[in-house]
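Working notes for the structure below.
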Amino acid sequence: MKKINLRKMFLALADVFIIVVSGILANYILSLVGYIGTAASKGLLSYIVINLVMCLFTLYISGTYSKLWRYFNAKDYIVCGIAVFSGFTLGFVISLFLQIPQRKIFCIVYFAIALVGILAFRFVFRKAFLDLTEAGRAEGGERTLIVGAGNAGRMIIREIHNANEQNDVNNPSKNIIPICFVDDDLKKLNQKIEGIPVVGTCPEIVKICDEYRIDNIIVAIPSCEEEEKRKILDYCSATECKIKIIPYLGELLFDDGHTQLISQAKEIKIEDLLGRKPIEFDRKEIHDLINGKVCLVTGGGGSIGSELVRQIAKNDPKQIIIVDIYENNAYDIQQELVLEYGTKLNLVTLISSVRDYDKMELIFKTYRPELVFHAAAHKHVPLMETVPEEAVKNNIFGTFNVATLAEKYKAKKFVMISTDKAVNPTNVMGATKRACEMIIQYKAQHSTDTEFVTTRFGNVLGSNGSVIPLFRRQIENGAPVTVTHPDIIRYFMTIPEAVSLVLEAGAMAKGGEIFVLDMGAPVKITTLAENLIRMYGKVPYKDVPIIFTGLRPGEKLFEELLMDEEGLKSTQNKKIFIGNQIKIDETDMLSKLEVLKKTAENNDSEKTVELLAELVPTFCHKVND
């Protein structure tokens, strides 16, 4: 408050000086041309004092002393001019009442000089002094470009103005220096929004950020379409600036009908660059699937399995059984759910391996799960190339065990999680997952009590072993980011999307389907790495090198989601498709599985890969140098 009072006092003293000097100057000018005979008189001084008091009064009640000088705009100048006119009008009326005679020409000249002086002082002071001060202050704050000169952009500028007027050091707006807008509406180009210029369009963001030395970008278009947002983020990500996004209108939090936008601005997330809208699922169907059921999740401590458990818990299950061989992950998700639900959730956590048929049968016999979600698997491509027999034991025969028990104990549905690497596989992990898909289709062909279904999707952002956590560790540790090939591309989805697909597939399943998600355009891994580096406020190849290490054993430049022979048909969800069932020769497959199992148990790696290729005809093993 002290600083604000000093500022008001300084401005009032300046107005006092201008009004007094204007009266003396008007008198002097008119005396030179013969309109007034003397340079000063008692009446003149009284008239100046009356006008001074009245002008200070009208300026004060009009709020001009409460407005920060640097934010004066055309409207404020008009209000200030009206206040001066009102003050002089009152002064003239009072002088007539007190019988202080003044010539009309003097009154007019006096008013004109005072008006010009008061407005000019504010204009010149703002330009000559405050702009210099602002430039100095900008060095310590964030020089900010705002994308979108619409209502949200206006609100952000007003929030910044209010934070400065109130001198609220705790307000996040206090450290933001709005420099300029960009907007694709050409009608707004070269206009000023709340005193801040619109200097260009979105494709010019890189050039503008360089020219105006921008530190921070706020994307303030909460109503824009996903495709438009992706393009804007592509432009922003090509700069060296920090990027924040105002959430969609439906995600904004309102308090008593008002909202603070800047405090809700979020850091750009890598999933914002996927190039497609988040997939929406039928929550009612999922709730109907889960409600009142005993649900078993294998691999329930992993990134996909734990999210499955979280979403199942939200849909009122009768009981959740977490099965995982890694006790640390299982313990983490157990404690998370206990903390959130307490005793309201019937939760059982069991440390066990899907490779142990007898132990798994004891679990099925004891708990009689109605829904089985099979997420347990070895998924790391290069590691499985080193020990292919372990991939076969865990992925293929672990799946066979759990599927067989689900059928034996009459579970209603069995949902197996597969991968795009199962399509025309070039690595052992992908081939084992394709074999798992064949097992599920074989079970679906003759099972009468259990509906077997497969879900297939690409890489999952943030999952254990995915590329994003690796990139983050490398950047945070100051190491180069490693990418296997400059042209490698992948499909991506978020963990919640992947899990929602699994649950909705379970709800839609009739038996034997392979559900495939429309994941939009694939993402170039090099671009993903570059964008992630920029999100850390660093420059790719300059601050953080990107090193290309060569394709790893079994790795493809691109992944596919649907095998040619499967075909494709739509579902009620426009983003989910079903691959046609492939007829499985049961006798041939079972005999090959029997031989493969014995070979894997003998830990014969080379022979295991040969037999795996016989089991999966589309497997073309690729060993990269």
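Heads up: the sequence shown begins at 4 in the numbering used here, then just goes up one per residue.
Quick reminder that beta carbons are idealized off the backbone N, C-alpha and C, glycines included.
Nothing here was measured: the structure is a model prediction, and the numbers come from that model.
Give every residue of the same chain whose Cβ lies closer than 8 Å to the Cβ of residue i, excluding the five residues on either side of it in the sequence, and list them in chain order.
i	result
V542	E243, I536
C212	L148, I220, T242, E243, C244
F257	For F257, the predicted structure reports a pLDDT of 41, less than 50, and the residue's modelled location is therefore unreliable. A value from the coordinates is still provided. Once the five neighbours on either side are set aside, F257 has no close Cβ partner at all.
V463	S306, I307, S469, F495, M496, T497, I498, A501
N398	A380, H381, M432, T435, K436, A438, C439
I21	A117, G120, I121, F124
V486	I528, T529, A532, I549, I550, F551, T552
K362	S355, S356
Who are the near neighbours of residue i in its chain, counting only those whose CB is closer than 6 Å to its CB and skipping five residues on each side?
i	result
I179	E145, T147, I163
R140	Reliability fails at R140, whose pLDDT of 48 lies under 50, so the model's placement of it is uncertain and the value that follows must be treated cautiously. Same-chain partners within the cutoff: there are none.
D588	none
G295	K321
L192	V201
D452	K413
G676	Coverage of the chain is limited to positions 4 through 628, which leaves residue 676 absent and any answer about it impossible.
S240	N534, R537
V112	A29
Since I believe residue j is in contact with residue i (beta carbons under 8 Å), could you give me their beta-carbon distance rounded to a whole number of angstroms?
i	j	result
F400	A409	Not really, about 15 Å apart at Cβ, beyond 8 Å.
P556	E388	4 Å
L299	Y412	Wrong, their Cβ atoms sit about 10 Å apart, outside the cutoff.
P104	G26	Actually they are not in contact, since the Cβ atoms of P104 and G26 sit about 15 Å apart, beyond 8 Å.
I160	I108	Actually they are not in contact, since the Cβ atoms of I160 and I108 sit about 44 Å apart, beyond 8 Å.
Between the alpha carbons of residue i and residue j, how many angstroms are there, rounded?
i	j	result
Q337	I478	31 Å
V375	D359	17 Å
R313	L292	15 Å
H391	N404	Here the sequence assigns Pro to residue 391, which means His is not the residue at that position. Whole-angstrom Cα-Cα distance: 19 Å.
T352	N318	19 Å
R493	V526	5 Å
I246	E604	53 Å
A316	K347	10 Å
D18	V96	21 Å
N349	I366	16 Å
G515	Y445	8 Å
R157	S34	50 Å
D285	E617	40 Å
F561	D237	22 Å
Closer than 7 Å, CB to CB, is residue i near chain B or not?
i	result
T346	Absent from the structure: chain B. Only one protein chain is present.
CB residue i to CB residue j, shorter than 7 Å?
i	j	result
T458	L504	yes
K572	I581	yes
V202	Q194	no
V384	N430	yes
F100	F114	no
I53	V23	no
G302	A378	yes
A152	D187	no
D423	G481	no
Keeping to the same chain, check which residues put their C-beta closer than 7 Å to that of residue i; ignore five residues upstream and five downstream.
i	result
A155	A223, I224, P225, I249, L264
A508	V418, V456, T458, F518
A434	P428, L615, V619, F622
T136	The pLDDT assigned to T136 is 49, lower than 50, so where the model puts this residue is not dependable, and the model offers no usable value.
I354	D327, I328, E330, A333
I182	R146, T147, L148, Y215, I217
K600	F400
T574	M511, F580, I581
So, is residue i buried or exposed, given that buried needs 16 or more other C-beta atoms within 10 angstroms?
i	result
L14	buried
V612	buried
E310	buried
M511	buried
F474	buried
A77	exposed
E228	exposed
Shorter than 6 Å, the distance from the beta carbon of residue i to the closest heavy atom of the ligand GTP, or not?
i	result
Y370	The ligand GTP is absent from the structure shown, which contains no ligand whatsoever.
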